[in-house]
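The structure appears below as structure tokens.
In full-length UniProt numbering, the protein residues as written are 1 to 348.
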């Protein structure tokens, strides 16, 4: 659910006290018409926290509950108290209020639509794809089973990693299947890779067997959130394969954007992790279809983040380490060299 939609629904349905009670806040007092006062679950001050009823802004006088964007609202309060990632906090609120996190909801305010649309224009110059991220039936994975392949083993993905990421086989289309899960671990799509080494020019190596709103997903985040926090860093790759290659190397703090251009939603999800971001795209990601280098490609990617967001890029300036279209994760020795000697700070 969109956070603006969620906030609007909470206000309209008068759900603030219900959320605060479930959160474990104490001495909840809503006698004042404009705001609610309460105390933190582990605090003695009965009025340390103020929640404004009209916009859900929160003043927490004894705690710093600001999120990565500097917001102090009902969602950042939940994240602080529960120790959860932004999306997990939104899902928790939806569960408490009886809302469908993935469902379509009716927007009641034209102003909210206008604010949302203006924000998108400011972020990337156009409205982001409105395709909804929707869970699909887990049972369909039983059709593909769980199999490991020598093809992916040769590509640097161990049998154990293949098992952990749930790879299977589609016998009808002769494809390796890759379950796509969102950060809450719900199955939202299935991607296939043709099960053959030589790919004809007219063939696509990868395509979605069960499509999903890929611009809304950071592949691997369901498994790597803990390690990202532990390492205080998230590595951003293009492909699902790269995440699994790094996992095999013991590098478990990576995600993939399933493409080579960050969406606004993906940039937000990365920012909410609250850690430095390392962009590790394939060699030649900045080369356009015309074969020419787009000098604005990487700056455009970096500008999708806040100015104070710490961002790095792994980039083979010499063009002597990586071959064209080679991923930094394809070769463990190259990865070590690139990470240690070719990681440049570009923001924050």
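Beta carbons: idealized from backbone N, C-alpha and C, even for Gly.
Looking only at its own chain, which residues have a Cβ that is under 6 Å from the Cβ of residue i, when we skip the five neighbours before and after it?
i	result
residue 327	242, 282
residue 269	218
residue 195	174, 175, 176
residue 186	135
residue 353	Absent from the structure is residue 353, since the part of the chain shown begins at 1 and ends at 348.
residue 280	235, 237, 314, 328
residue 2	none
residue 126	Bear in mind that a pLDDT of 44 at residue 126, under 50, signals an unreliable position, so the number given afterwards is only what the model happens to contain. Hits under 6 Å: none found.
When DSSP labels each residue in this structure, what does residue i get in the three-state scheme?
i	result
residue 123	In this predicted model, residue 123 has a pLDDT of only 45, less than 50, meaning its place in the structure is not dependable; the value taken from the coordinates is given anyway. Correct three-state label for residue 123: helix.
residue 175	strand
residue 260	coil
residue 285	coil
residue 298	helix
residue 219	strand
residue 32	coil
residue 134	coil
residue 228	helix
residue 37	strand
residue 251	coil
residue 313	strand
residue 241	helix
residue 342	coil
residue 277	strand
residue 321	coil
Does any residue of chain D have a CB that is nearer than 8 Å to the CB of residue i?
i	result
residue 236	No chain D is part of this structure, which consists of one protein chain only.
Excluding sequence positions up to five away, which residues of its chain have a Cβ less than 8 Å from the Cβ of residue i?
i	result
residue 23	41, 77, 78, 81, 82
residue 159	148, 153
residue 319	283
residue 347	302, 305, 307, 309, 310, 311
residue 91	101, 184
What number of angstroms, rounded off, separates the C-alpha of residue i from the C-alpha of residue j?
i	j	result
residue 256	residue 60	35 Å
residue 330	residue 52	51 Å
residue 176	residue 245	16 Å
residue 333	residue 339	10 Å
residue 284	residue 260	10 Å
residue 323	residue 64	46 Å
residue 48	residue 33	18 Å
residue 258	residue 35	43 Å
residue 197	residue 155	11 Å
residue 119	residue 211	For residue 119, the pLDDT reaches just 45, beneath the cut-off of 50, and the residue's location in the model is therefore unreliable, leaving the point undetermined.
residue 337	residue 14	55 Å
residue 306	residue 193	35 Å
residue 58	residue 209	44 Å
residue 299	residue 286	10 Å
residue 254	residue 25	35 Å
residue 101	residue 140	22 Å
residue 157	residue 144	19 Å
residue 151	residue 183	27 Å
residue 86	residue 225	12 Å
residue 190	residue 45	50 Å
residue 290	residue 67	41 Å
residue 405	residue 103	No answer is possible for residue 405: it lies beyond the span of the chain, which begins at 1 and ends at 348.
residue 146	residue 278	31 Å
Can you find the residues in the same chain that come closer than 7 Å, C-beta to C-beta, to residue i, ignoring five residues on each side of it along the sequence?
i	result
residue 89	75, 78, 79, 82
residue 223	none
residue 240	178, 191, 219, 256, 258
residue 28	17, 20, 21, 36, 38
residue 43	62
May I have a chain-ordered list of the alpha helix (DSSP H) segments no shorter than 4 residues that lie completely inside the stretch 50-107? 74-82, 86-97
Taking 8 Å as the threshold, find out whether the stretch 204-215 comes into contact with the stretch 292-300 through three or more Cβ pairs. The stretch 204-215 is not in contact with the stretch 292-300.
Inside the stretch 137-215 only - beta strand (DSSP E) runs reaching at least 3 residues: 168-170, 175-181, 187-194, 206-210
Using a Cβ distance threshold of 8 Å, determine whether the stretch 313-321 contacts the stretch 265-275, with at least three qualifying pairs required. no
Using a Cβ distance threshold of 8 Å, determine whether the stretch 225-235 contacts the stretch 157-174, with at least three qualifying pairs required. At 8 Å Cβ cutoff, the stretches do not touch.
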